[in-house]
Every structure is written in structure tokens, then in C-alpha cells.
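Asks: Using this note's numbering, read the sequence shown as starting at 15 and increasing by one per residue. Quick one: the structure is below, and I'll ask about it shortly.
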Amino acid sequence: MAQGEKILVIGSRGQIGTELVEELRQMYGESNVFESDLKDPGPHDINYIQLNVLDKDALYGAVKKHGITQVYLLAALLSATAEKNPAFAWELNMNSLFYILDMAKEKHLKKVYWPSSIAAFGPTTPKKNTPQHTIMDPATVYGISKLAGERWCEYYFQKYQVDVRSLRYPGLIGYKSLPGGGTTDYAVDIFYKARQGVKFTSFLSADTTLPMMYMDDAIRATVEIMEAPSETIKIRSSYNVAGMSFSPAGIAAEIKLQIPDFQIEYMPDFRQEIANGWPHSIDDGMARADWGWKNHYNLNKLVNIMLANIRV
Ligand code: NAD
């Protein structure tokens, strides 16, 4: 782990940031990890900067003031929310990335992390074991922003040697933070309903299989790709990473093993169409070969951990 790093996580109060900041502070020390978000600071916050990432002057000011060397850019509108406001989703998801890539190009930053998503794939992408390099024709504004972002990351690496690293996250599931408007959010909500003892209404159909990952795996993948020696990162657009794949019926069956009375019904809404364009499973062989990625959690472990930790 390199010494002297000052890290800024942007969009730190969301589903991923909440857990990533905790991990980075353990690794680098509290005083070396800053976090920023639109949200109001809490009374006990340390190193929290309330900031709109679209305020370029404030962003540059914060990076310079605190001597930031690495940025994790997590602020974005997610798949379902973005469909409701496509123009703003494009503005936020793309401009924030350009600001950070430009700062790295201008040598204010040494390293940048920006997440892509399985949403960068589309309806004609091969759905089973989706390869790293394949057809990508996203049909959502979110997916279009992720694919465009990937191309810009690679461009800044090739043209300006910007050390940018990225993962195509699947749907992420954890119990420490709530999801922020994605198409896989059901897979977190379902555990709360199971624990409350009420029937769960799934907004995806019973057999909609999607790639998913337990949050600990996602956080570990994120810090591992950022810690890996630069020469091992051979893909500068974004790496496929996989954890598990399941459908609403599949996860419900696993929950029923522990809560036999648990009930689920299916009322697909607009998110079904988004999910229909996404892969069922992901081939992450290149991440495994290049920088040693390996997932630790399958569906059975995930369900055990979620049910053990969710209190209602
Ligand atoms: P989230 O919606 O839970 O959190 C995003 C955070 O960004 C929020 O706290 C929000 O307040 C903040 N934010 C929004 N606009 C901002 C602005 N203008 N300035 C500063 N902060 C702002 O999202 P997440 O699930 O933590 O996702 C983080 C990243 O990971 C996103 O790029 C997302 O596309 C990607 N991703 C997430 C998943 C998932 O399942 N969670 C899957 C694939 C990719």
C-alpha cells in the first residue's frame, strides 16, 4: 500500500460509499480519507466535505486544499432513477467523470476509480457468461452513460496516461446501507420484508436472472484493483467482475429454507424492461487473470449473512 496517499470518495453517502469509506479508513487511516456528498454532514463526521460534484470550482478547491491524490467517483444517477430524468442523468454521470479525468490529466490526481455497470451491456449482448469484449448496445440512459464513460476512461489512459481503473459492478447487495434507485434493488428489499414477516412484491418477474454480488466482494474488488500494480491493469475501460446470478424466484426459495412462511408475488413494472436488456451471468476471466480477482460469496452465504444481520 503506497504511503502519503490522500483519498477522496465522491458520492460517499450512497450504498457503496458508506461501506467503501469504512474500508479505506481502515486501510489508509481516518485522517487520509475524505468523503463528500450532497447530503448534510452529521454531528460526528470527520473529513466530510459537503459538495456538489457538478460544482467544478468547489471540486477543484477541495482537491487542492486537502492535497488529494486519489478519487473514487461514486456520485451518479442509477438505472431506474436515470430513466425518469435522462437529461440530468447524462449531465451528472458524464460531467462528473470529465472533471475527475481532467484533474488527473492535469496531474492534480495520481489515480482515479470510477465504476461502470453490467448496464453497459444491451439487448443483443450474449446473455450467458457475457464476455469481457462483446456487443455492447445499452438501451437505457444509465447504460449509455456507463458505456460512454468506459470509452472515455480508456481514451484518457491511452492519450494522457491517466491511471484510471474501473469495474463493471453487477447488482450489489449488503445490509449496512440501502440501494439508491437501481434495477436490482429488489434483492435488498426482499430481506427486509422477509424479516418483517410480510409478503414481498417483486417488481421483476419470477425468472429474471441477473448477475449480483455481495457488498464485501464488491468493496474488496474495488480496493484490490486500486492496489494492483499499474502494469497488471491491462483493461482501462472497465473489467467484468462476477459474484453470483439468481432470479427473484431463486432468492425467494433460498429465503424460504430459513423462513418457510415467506411469501412472494410478482408485479413487474418499468424496471422489467431494463432488466430484460441485461446479462444473466458474467465471464470475469480477465479480472481473475490480470489482477487476481476471486469472489468469496455465493447465494447461500449471502442469504445467511443478510438474514442474520437485518433487524426490523
Ligand atoms: P447511490 O445512489 O446509493 O449513491 C450515490 C451517492 O451520490 C448518493 O449518496 C448521492 O447523494 C450522491 N450524489 C448524487 N448526486 C451528487 C452530486 N451532484 N454531488 C455529490 N454527490 C452526489 O449509488 P451507489 O449504489 O452507491 O453507486 C455508486 C456508483 O456505483 C454509481 O456510479 C453506480 O452507477 C455504480 N454502480 C452501482 C451498483 C449497485 O448495485 N449499487 C451497480 C453497478 C454500478
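Where is the CB? At the ideal position from N, CA and C, for every residue including glycine. Keep in mind it's a predicted model, so treat the numbers as computed, not measured.
Would you tell me roughly how many angstroms separate the C-alpha atoms of N61 and K79, rounded to the nearest one?
Replies: Between the alpha carbons of N61 and K79 lies a gap of roughly 12 Å.
Asks: In terms of residues, what are the limits of the beta strand (DSSP E) holding S216?
Replies: F214 to S216
Asks: Could you check which residue in E37, K119, E105 and A322 has the C-alpha nearest to that of T236?
Replies: E37
Asks: Shortest alpha-carbon distance to F214 belongs to which of Y174, H294 and Q277?
Replies: Q277
Asks: Counting Cβ pairs closer than 8 Å, one from the segment 159-166 and one from the segment 296-312, do we hit at least three?
Replies: no
Asks: Identify the continuous alpha helix (DSSP H) that holds P100 and give its terminal residues.
Replies: Unbroken alpha helix (DSSP H) run through P100: P100 to K119.
Asks: Is the beta carbon of S130 sitting closer than 8 Å to the one on S26?
Replies: Against a cut-off of 8 Å, the Cβ pair of S26 and S130 comes out as no contact.
Asks: Along the chain, which unbroken stretches of the alpha helix (DSSP H) at least 4 residues long are found entirely within the segment 64-94?
Replies: 70-79
Asks: Is it right to say D51 is buried, meaning 16 or more other beta carbons lie within 10 angstroms of its own, or is it exposed?
Replies: buried
Asks: Going by DSSP in three states, F48 sits in which element: helix, strand or coil?
Replies: strand
Asks: State the DSSP-derived secondary structure class of T148, mapped to helix, strand or coil.
Replies: coil
Asks: Please confirm whether K121 and D177 have their CB atoms less than 8 Å apart.
Replies: no
Asks: Does the beta-carbon of D51, which I'm using as the reference point, lie nearer than 7 Å to any heavy atom of the ligand NAD?
Replies: yes
Asks: At the level of alpha carbons, what is the spacing between R39 and E105?
Replies: One C-alpha to the other measures close to 30 Å.
Asks: So, R9 versus F135, is the Cβ gap smaller than 8 Å?
Replies: The requested residue 9 is not part of the displayed model; the chain covers only 15 to 326.
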